[in-house]
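Chemist: Following this message is one structure expressed as structure tokens.
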Amino acid sequence: MIHTLMKEDGFEGILFPGNGSKDKVIIVMSGSNGGMNMAKHEAEFYHKNGIPAMSLALFKTKQTSPDLVSVPIEYVENAIRYLKEQGYQKIGIDGASKGSEMALVAGSLLPDISCVIARVPSYYVSEGLSGKGKNKGPSSTSCWSYQGKDLPYAAYKTRIINMLEILKKEKEIRIRDINSDKDVTPDTIIPVENIKGPVLFLSSKKDEVWPSYESACLMDEKLETVSFPYKHKHIVFENMSHAAVVHLPWIYKMAFKSERRHPKECAKDRKRMKMELLAWVKDVWQ
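So the number in this note's numbering is just where the residue sits in the sequence shown, counting from 1, plus 10.
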């Protein structure tokens with residue numbers, strides 16, 4: 011396991027060698043929870059199945075911004091440079107939730123990325139989030155930036171997002187309506203057709219955070235319409251929540267009703283997701 015610091019390499023990540031092969035490596039990112047913990051667990055999943063993987067921090071670590079605000083695409087770009095210097099031949103990217111936005115945007119901008127996995131994705135770039143607790147809300151900036159400029163973003167119409175109040179009232183993180191209430195303009199839509207490799211979308215019909223199923227449908231249909239030259243697939247889960255992760259922390263069982271009410275079905279969805287992820291990386295991505 012190799013830990014590289016942003017001050018040295020322009021990013022913060024943990025590299026897991028898998029079986030030691032330098033043929034493929036996957037960059038793994040988590041969502042609006044930030045930090046490194048969840049991405050690390052997801053990267054370890056690939057590692058334990060023989061696939062080299064790097065967990066990449068986007069924000070909320072010692073070496074990155076405390077908030078989901080203007081996070082540089084250069085984090086991915088610099089990680090790619092580092093991985094190529096280590097001898098890796100093919101580089102893929104796997105992001106969940108907000109991490110899927112980064113994965114899709116980076117895939118559309120950086121031609122060295124030859125495989126994209128977008129778990130519970132959004133089809134457009136959204137406004138960032140800053141602050142904590144009752145003071146958490148839209149940042150009036152983009153989530154993402156590149157070459158010193160914010161990417162165009164769809165702004166929240168709801169300007170106060172009190173997660174504790176929502177949890178108390180709804181008994182889960184139900185912010186689908188808030189995340190759907192935005193003006194999505196053409197310049198905020200992620201140009202997934204520019205990705206240079208196979209694309210796998212994973213979505214859930216029980217997603218109460220945002221409409222990932224509808225977003226994945228739109229993007230998959232777009233790739234079909236433009237005769238995308240690489241394989242693309244949309245896998246839909248019926249019960250799993252927005253937490254499309256192979257390692258489910260106990261807190262997410264508290265955060266989503268579907269995880270509490272249908273634990274066996276959610277476990278079955280995750281088992282299938284693991285199989286689909288491994289098949290995509292090992293067999294489809296060539």
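Ideal Cβ positions, reconstructed from N, Cα and C, are used throughout, including at glycine. Keep in mind that this is a model prediction, so the values were computed, not measured.
For CYS153, list the residues DSSP reports as bridge partners.
Modeler: On the sequence shown, position 143 is the one that residue 153 refers to. Looking at the DSSP assignment, CYS153 forms no beta bridge with any residue, so it has no partner.
Chemist: According to DSSP, is VAL86 helix, strand or coil?
Modeler: As a working mapping, residue 86 is identified with position 76 in the sequence shown. The answer is helix: DSSP assigns VAL86 an H, G or I state.
Chemist: In the DSSP output, what is THR14 paired with across the bridge?
Modeler: Looking up residue 14 in the sequence shown gives position 4. Paired residues: GLY23.
Chemist: Can you give me the Cβ contacts of MET229 inside the same chain, cut-off strictly under 6 Å, excluding the 5 residues immediately before and after it?
Modeler: Taking the sequence shown and counting its residues from 1, one reaches residue 229 at position 219. Only TYR133, VAL202 meet the Cβ criterion.
Chemist: Can you find the residues in the same chain that come closer than 6 Å, C-beta to C-beta, to TYR92, ignoring five residues on each side of it along the sequence?
Modeler: As a working note, residue 92 is residue 82 in the sequence shown. Hits under 6 Å: ASP19.
Chemist: So, with DSSP's three-state summary, where would you put GLY102?
Modeler: In the sequence shown, counting from the first residue as 1, residue 102 sits at position 92. Three-state result, GLY102: strand.
Chemist: Would you tell me roughly how many angstroms separate the C-alpha atoms of HIS242 and LYS206, rounded to the nearest one?
Modeler: As a first step, residue 242 must be located in the sequence shown, where it is residue number 232. As a first step, residue 206 must be located in the sequence shown, where it is residue number 196. In a straight line, the C-alpha of HIS242 is about 11 Å away from that of LYS206.
Chemist: Under a three-way DSSP split, which group does GLY117 fall into?
Modeler: Residue 117 sits at position 107 when you count from the first residue of the sequence shown. The answer is helix: DSSP assigns GLY117 an H, G or I state.
Chemist: When you compare only the Cα positions, how much space is there between SER140 and VAL79?
Modeler: Translated into the one-based positions of the sequence shown, residue 140 becomes position 130. Translated into the one-based positions of the sequence shown, residue 79 becomes position 69. Roughly 7 Å separates the two Cα atoms.
Chemist: Taking SER225 as part of the beta strand (DSSP E), name the residues at either end of that continuous run.
Modeler: As a position in the sequence shown, residue 225 is number 215, starting the count at 1. No beta strand (DSSP E) contains SER225, which is instead part of the alpha helix (DSSP H) from 222 to 235.
Chemist: Can you tell which of ALA226, SER42, GLY30, SER65 has its C-alpha closest to the C-alpha of GLU52?
Modeler: In the sequence shown, the residue the question calls residue 52 occupies position 42. Checking every option, the nearest Cα to that of GLU52 belongs to SER65.
Chemist: Would you give the residue range spanned by the beta strand (DSSP E) that PHE247 belongs to?
Modeler: To locate residue 247, count along the sequence shown from 1; it is residue 237. PHE247 -> beta strand (DSSP E) spans 242 to 247.
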